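A short worksheet on the structure shown next.
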Amino acid sequence: MSKGTFKHVQGLDGDQKRTATRHDYPNVFRGDRAPTHTMISEGGLYDKVLSAHKVNPKAHEFRKWVADVVLPAIRKDGAYIMGEEKVATGEMSEDELILKAVGILQRKVERLTAERDALAGGPSNRN
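In this note's numbering, the protein residues as written are 699 to 825.
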């Protein structure tokens, strides 16, 4: 691991990073001679982006958006729908937001059904 990589991953929890070997992840190593790579989880990525707000203006904007818009929506409603703040400014109607939410929920049900079926070894007959 290079010094720069070590610096960035040292603050992550153990479940937020993993050392990948050529044997375990051959597709990651195509055209690369390194013996290992450090991979970070999605949560680890967010951890690093949110902590980079002091040195990166884009990270600061992202952190502020998460803190000011996304987390309050989750606390109030149990969910955040991308762009829901546009209803308050008039850029999106309530009907458009509802249609967007229904579409998101339909895709989520499809994804969860596919995951359940994959775990069960095939399509489920439950309805």
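Heads up, the beta-carbon is just placed ideally off N, CA and C, and yes, glycines get one too.
In this text the structure is predicted, and so the values were computed from the model without any measurement.
*Taking 8 Å as the threshold, find out whether the region 731 to 741 comes into contact with the region 710 to 723 through three or more Cβ pairs.*
yes
*asked:* To test your reading of the DSSP string, which unbroken alpha helix (DSSP H) runs of 4 or more residues are found completely within the region 699 to 747?
replied: 701 to 707
*asked:* On the criterion of 16 or more Cβ atoms from any shown chain inside 10 Å, does GLY742 qualify as buried, or is it exposed?
replied: The count along the sequence shown starts at 1 and reaches residue 742 at position 44. Answer is buried; the Cβ neighbour count reaches 16.
*asked:* Output needed for VAL767: all residues of its chain with C-beta closer than 7 Å, excluding positions within five of it in sequence on either side, in chain order.
replied: For this step, residue 767 is matched to residue 69 along the sequence shown. Excluding sequence neighbours, VAL767 sits near GLU783.
*Out of ARG773, VAL747 and ALA771, point me to the one whose CA is closest to ARG761's CA.*
Start at 1 with the first residue of the sequence shown, and residue 761 comes out as number 63. The residue with the shortest Cα to Cα distance from ARG761 is VAL747.
*asked:* Considering just the uninterrupted stretch of the alpha helix (DSSP H) at GLY801, what are its terminal residues?
replied: Counted from its first residue, the sequence shown places residue 801 at position 103. Where GLY801 is concerned, the enclosing alpha helix (DSSP H) stretches over 792 to 818.
*So, helix, strand or coil for HIS758, using DSSP?*
As a working note, residue 758 is residue 60 in the sequence shown. Helix.
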